[in-house]
Amino acid sequence: MLEDLKERVYKANMMLPQYGLVTFTWGNVSELDEESGIFAIKPSGVDYNLLTPDDMVLIDLDGNKVEGKLNPSSDTPTHLELYRNFQSIGGVCHTHSSYATSWAQSGRSIKCYGTTHADYFYGDIPCLRCLTAEEIEEAYELNTGKLIVNEFKRLGIDPDAVPACLCKNHGPFSWGKNGKKAVESAVVLEEVAKMAYRTELINPKVEETPQFLQDKHYFRKHGANAYYGQGGEH
Numbered sequence: 574m575l576e577d578l579k580e581r582v583y584k585a586n587m588m589l590p591q592y593g594l595v596t597f598t599w600g601n602v603s604e605l606d607e608e609s610g611i612f613a614i615k616p617s618g619v620d621y622n623l624l625t626p627d628d629m630v631l632i633d634l635d636g637n638k639v640e641g642k643l644n645p646s647s648d649t650p651t652h653l654e655l656y657r658n659f660q661s662i663g664g665v666c667h668t669h670s671s672y673a674t675s676w677a678q679s680g681r682s683i684k685c686y687g688t689t690h691a692d693y694f695y696g697d698i699p700c701l702r703c704l705t706a707e708e709i710e711e712a713y714e715l716n717t718g719k720l721i722v723n724e725f726k727r728l729g730i731d732p733d734a735v736p737a738c739l740c741k742n743h744g745p746f747s748w749g750k751n752g753k754k755a756v757e758s759a760v761v762l763e764e765v766a767k768m769a770y771r772t773e774l775i776n777p778k779v780e781e782t783p784q785f786l787q788d789k790h791y792f793r794k795h796g797a798n799a800y801y802g803q804g805g806e807h
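Oh and the sequence shown: position 120 is 693 in my numbering, straight run, nothing missing.
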């Protein structure tokens with residue numbers, strides 16, 4: 574069932590060790606098949622070297638396991654909540670990549686210090702609050718997803734324009750129109766986090782990139798008037 578979807582999600586998950594975003598089994602990627610309302614996700618705690626496309630677990634948007642011999646990622650409820658509420662996305666990625674997680678552990682959002690950031694993220698990459706003890710005890714992974722959704726709404730952030738966030742004391746989540754794009758967001762997030770860290774080390778008084786330069790770089794790649802690349806995907 575949905576063999577092409579499982580193959581794509583397997584390949585997206587294998588990009589995580591390829592780009593140095595995971596240690597051991599610390600990460601997962603999923604992708605939603607919009608027509609069926611089913612998403613495939615990495616199984617929980619399985620070594621990347623042992624993964625196969627058949628190991629991917631199929632979940633419906635009610636949270637039921639549709640197919641799979643293994644348990645799905647423990648972060649499945651977070652992915653599910655994002656799919657239910659961020660209607661334009663089709664892929665979700667979670668890692669504990671070191672630089673992005675360091676910002677999350679520090680409780681700081683990542684400000685836009687240059688055009689690399691602006692090419693992919695329109696504004697700050699927000700660091701959200703830590704869940705309360707009650708939220709963690711009640712339904713940790715589900716409430717992580719609810720926190721992301723509610724904070725993006727509260728802050729007025731478009732999840733398409735800022736396809737990632739940091740969960741305080743935890744780590745990054747990213748998303749995109751499919752699993753591969755969600756991983757791309759995670760890769761860029763890690764590089765931007767690394768650059769921002771080094772930038773503040775070099776110049777602790779650094780100021781954010783002027784808004785007009787942020788606008789130029791973001792909108793030349795995104796939106797109706799984008800002109801970067803050869804057409805189609807940017």
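Glycine is no exception: its CB is placed at the ideal position from the N, C-alpha and C atoms.
Just so it is clear, the structure is predicted and the values come from calculations on it, not from any experiment.
- Its Cα nearest to that of residue 651, the residue 719 stands out among 683, 739, 719 and 676.
- About 17 Å separates the beta carbons of residue 657 and residue 631, which is beyond the 8 Å limit, so they are not a contact pair.
- Distance from the CA atom of residue 611 to the CA atom of residue 582, rounded to whole angstroms, is 12 Å.
- When secondary structure is reduced to three states using DSSP, residue 630 falls in the strand class.
- For the pair residue 672 and residue 763, the CB atoms are nearer than the 8 Å cut-off.
- Under the DSSP assignment, residue 638 falls in the beta strand (DSSP E) whose first and last residues are 638 to 640.
- Under the three-state reduction of DSSP, residue 650 is assigned to helix.
- The Cβ neighbour count for residue 661, taken over all protein chains shown within 10 Å, is under 16; the residue is labelled exposed.
- Under the three-state reduction of DSSP output, residue 779 falls in the coil class, being neither helix nor strand.
- For residue 676, the enclosing alpha helix (DSSP H) has its first and last residue at 671 to 679.
- A straight-line Cα-Cα distance of about 11 Å links residue 704 and residue 711.
- For the region 579 to 615, there is no continuous alpha helix (DSSP H) assignment of 4+ residues that stays within its boundaries.
- For residue 787, the number of other beta carbons within 10 angstroms of its own is at least 16, and it is reported as buried.
- When C-beta atoms of the region 717 to 734 are compared with those of the region 683 to 693, fewer than three pairs fall below 8 Å, so the two segments do not count as touching.
- Annotation for residue 739: the continuous beta strand (DSSP E) segment containing it runs 737 to 740.
- Annotation for residue 669: 599 and 744 place their beta carbon closer than 6 Å to its own, counting only its chain and skipping 5 residues before and after.
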